[in-house]
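Sequential numbering from 1 applies to the sequence shown in UniProt numbering.
All C-beta atoms, glycine included, are put in the ideal place defined by N, C-alpha and C.
This report refers to the structure that appears directly beneath it.
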Amino acid sequence: MAPTQGIVFDALKTDFGEVGAWARYGQSKLAVILYARELAKRQTKIKVCVVDPGFVDTNWAQSWKSSSYILEALYPLMRMASSSVENGVQNQLWASVHPDVKSGVYYLPVGKLAVGKGNLANQKLAQRLWEWTETELEGMD
Numbered sequence: 001m002a003p004t005q006g007i008v009f010d011a012l013k014t015d016f017g018e019v020g021a022w023a024r025y026g027q028s029k030l031a032v033i034l035y036a037r038e039l040a041k042r043q044t045k046i047k048v049c050v051v052d053p054g055f056v057d058t059n060w061a062q063s064w065k066s067s068s069y070i071l072e073a074l075y076p077l078m079r080m081a082s083s084s085v086e087n088g089v090q091n092q093l094w095a096s097v098h099p100d101v102k103s104g105v106y107y108l109p110v111g112k113l114a115v116g117k118g119n120l121a122n123q124k125l126a127q128r129l130w131e132w133t134e135t136e137l138e139g140m141d
């Protein structure tokens, strides 16, 4: 879902007119994972990980069907594959209490370690995103 280059730094401070909604969504998810990995490297006294709830049938998920005819047609099938909010929260609960949670990683439901490939495993991209953010935050209190 994320753009091929992972993070489109030149477009981060724009309206993303040239980047589609799914690419923006994918880029935001990639950024969360990269930030978690970089934070885990820099702050070793705390555990930080990213947990994916999976596809949960929420009001937000229901709003997808109005975004395109294809998604509207596929929504009944997607809903059959989705989980309830009560089940969707299990990965977050697992990560908050399980003693074997590792820092700086990404977990799929429930407690399954995701293998990072491509941009997900790109340490230089994670460092560049961190540095870009620090530059953007300079002078803010």
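State the Cα-Cα distance for the pair Ile7 and Lys41, rounded to the nearest angstrom.
-> So the two alpha carbons sit approximately 20 Å from each other.
With a cut-off of 8 Å on the beta carbons, I'd call Ser103 and Val32 a contact; round off their distance for me.
-> That belief does not hold up - the Cβ atoms of Ser103 and Val32 are roughly 15 Å apart, past 8 Å.
Could you pull the start and end residues of the beta strand (DSSP E) that Trp39 belongs to?
-> At residue 39 the sequence reads Leu, which differs from the Trp that was named. In the DSSP assignment, Leu39 falls outside any beta strand (DSSP E) and within the unbroken alpha helix (DSSP H) covering Ala21 to Arg42.
Distance, Cα to Cα, Ala95 vs Trp130?
-> So the alpha carbons of these two residues sit roughly 24 Å apart.
Return the CA-CA distance between Arg37 and Leu71, expressed in angstroms with no decimal places.
-> Near 32 Å, if we compare the C-alpha coordinates of Leu71 and Arg37.
Under three-state DSSP, which class holds Val51?
-> Strand.
From Ala121 to Pro76, what does the alpha carbon distance come to, in whole angstroms?
-> Each residue's Cα considered, the two are about 34 Å apart.
Asp57 to Leu74 span [Cα, whole Å] = Roughly 14 Å between the two C-alpha positions.
Given Val110, which residues of its chain have a CB within under 6 Å of its CB, disregarding the five upstream and five downstream residues?
-> Hits under 6 Å: Gln90, Asn91 and Trp94.
What is the rounded straight-line gap between the Cα of Leu30 and the Cα of Val101?
-> C-alpha separation (whole angstroms): 20 Å.
Give the secondary structure of Val89 by DSSP, where H, G and I count as helix, E and B as strand, and everything else as coil.
-> If DSSP states are grouped into helix, strand and coil, Val89 belongs with coil.
Which residues share a DSSP beta bridge with Val56?
-> When beta bridges are read from the DSSP output, Val56 appears opposite Ser83.
Apart from the five residues just before and just after Leu39, which ones in its own chain have a Cβ nearer than 7 Å to its Cβ?
-> Counting only Cβ-Cβ distances below 7 Å, and skipping sequence neighbours, we find Val48.
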